[in-house]
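Undergrad: The numbering of the sequence shown is this note's numbering, which starts it at 1024 and goes up by one. Note that CB positions come from ideal geometry on N, CA and C, so glycine has one too. Here it is: the structure, laid out below.
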Amino acid sequence: MNIDAINNCVKNYLSQRGAKAYDGWTIRAGSETVAGRGVVATRDYNTGDVIFVDVPLIVSPRTMSPDSTGGPVCPVCYVVVTKPTGCPGGCQWPVCGSKCANRPEHRDECRYVRQLRPKTKSNGQTWSVGIYNAITAVRGLSIKNGEYEYFLDVLQKKLAEKLTFEVFFNDY
């Protein structure tokens, strides 16, 4: 695992999502021999200091059952879709309109879902509850070969012969 590559990946990801300037942060990804991989402070902090503000790696609508009373939300802009219709691109996700269907982040997901050629029951609808419930999984799978692949390594729990403490205190 290349720690510098992980730190660069985190820096790029957070800056693209509007996080405050990464260069001023006083934490870094690290790999310690005692506690394994994690986030390491590079200075002392006072009580109440904001150390880090995180943004989610995957954002997705909640799953729903086929007999849910509420409608789905658009998986692009997250507004409630009052008259859900399937994406014109063919992924069977209930987007709210062509503006969201044509957004770059959805086009890639749409293409991926179409390539899977899922077989689902649509109950006469132009969108599928089964495909809708797979949005989180599709977004997670897109990380595997994408720009943020290093996150998969970071999110893996340390494998050890015995249980270890996840928090390490170093008293100098």
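So what's PHE1188 in DSSP terms, helix, strand or just coil?
TA: Taking the first residue of the sequence shown as position 1, residue 1188 is located at position 165. Residue confidence for PHE1188 is low, a pLDDT of 49 falling below 50, so the modelled location carries little weight; the figure read from the coordinates is stated next. Three-state result, PHE1188: coil.
Undergrad: Using 8 Å for Cβ pairs, my map puts VAL1118 next to VAL1099. What's the rounded Cβ distance?
TA: In the sequence shown, the residue the question calls residue 1118 occupies position 95. In the sequence shown, the residue the question calls residue 1099 occupies position 76. Confirmed, about 6 Å.
Undergrad: Is GLU1128 buried or exposed, if buried means 16 or more other CB atoms sit within 10 Å of its CB?
TA: For this step, residue 1128 is matched to residue 105 along the sequence shown. Exposed, since its Cβ has fewer than 16 Cβ neighbours within 10 Å.
Undergrad: Given this structure, state the Cα-to-Cα distance separating ASP1077 from GLY1094, to the nearest angstrom.
TA: Within the sequence shown, numbered from 1, the residue matching residue 1077 stands at position 54. Within the sequence shown, numbered from 1, the residue matching residue 1094 stands at position 71. Rounded to whole angstroms, ASP1077 to GLY1094 spans 30 Å at the Cα level.
Undergrad: Specify, as a first and last residue, the run of the alpha helix (DSSP H) that CYS1133 falls within.
TA: Taking the sequence shown and counting its residues from 1, the one referred to as residue 1133 is at position 110. Unbroken alpha helix (DSSP H) run through CYS1133: 1127-1139.
Undergrad: Starting from GLY1163, follow the alpha helix (DSSP H) in both directions and report where the run begins and ends.
TA: One-based indexing of the sequence shown puts residue 1163 at position 140. Element bounds for GLY1163: 1158-1167.
Undergrad: CB-CB under 8 Å to GLY1163, same chain, minus the five flanking residues each way: which ones, in chain order?
TA: Along the sequence shown, one-based indexing puts residue 1163 at 140. Within the same chain, GLY1163 has close Cβ partners ILE1081.
Undergrad: Is the beta carbon of CYS1097 closer than 8 Å to that of GLY1199?
TA: The chain is shown from 1024 up to 1195; residue 1199 falls before or after that span and cannot be answered.
Undergrad: Within this structure, are the beta carbons of MET1087 and VAL1152 separated by less than 8 Å?
TA: Your numbering for residue 1087 matches position 64 in the sequence shown. Your numbering for residue 1152 matches position 129 in the sequence shown. Yes, they are a contact pair.
Undergrad: From PHE1075 to ASP1027, what does the alpha carbon distance come to, in whole angstroms?
TA: The sequence position of residue 1075 within the sequence shown is 52, counting from 1. The sequence position of residue 1027 within the sequence shown is 4, counting from 1. If you take the alpha carbons of PHE1075 and ASP1027, they lie about 18 Å apart.
Undergrad: Can you tell me whether DSSP reads VAL1102 as helix, strand or coil?
TA: What you label residue 1102 is simply residue 79 of the sequence shown in a count that begins at 1. Correct three-state label for VAL1102: coil.
Undergrad: From which residue to which residue does the alpha helix (DSSP H) around ILE1081 run?
TA: Within the sequence shown, numbered from 1, the residue matching residue 1081 stands at position 58. ILE1081 -> no alpha helix (DSSP H), and no H or E assigned at all.
Undergrad: Quick one: grab the DSSP three-state call for VAL1076.
TA: Walking along the sequence shown from the start, residue 1076 turns up at place 53. Here VAL1076 sits in coil by DSSP.
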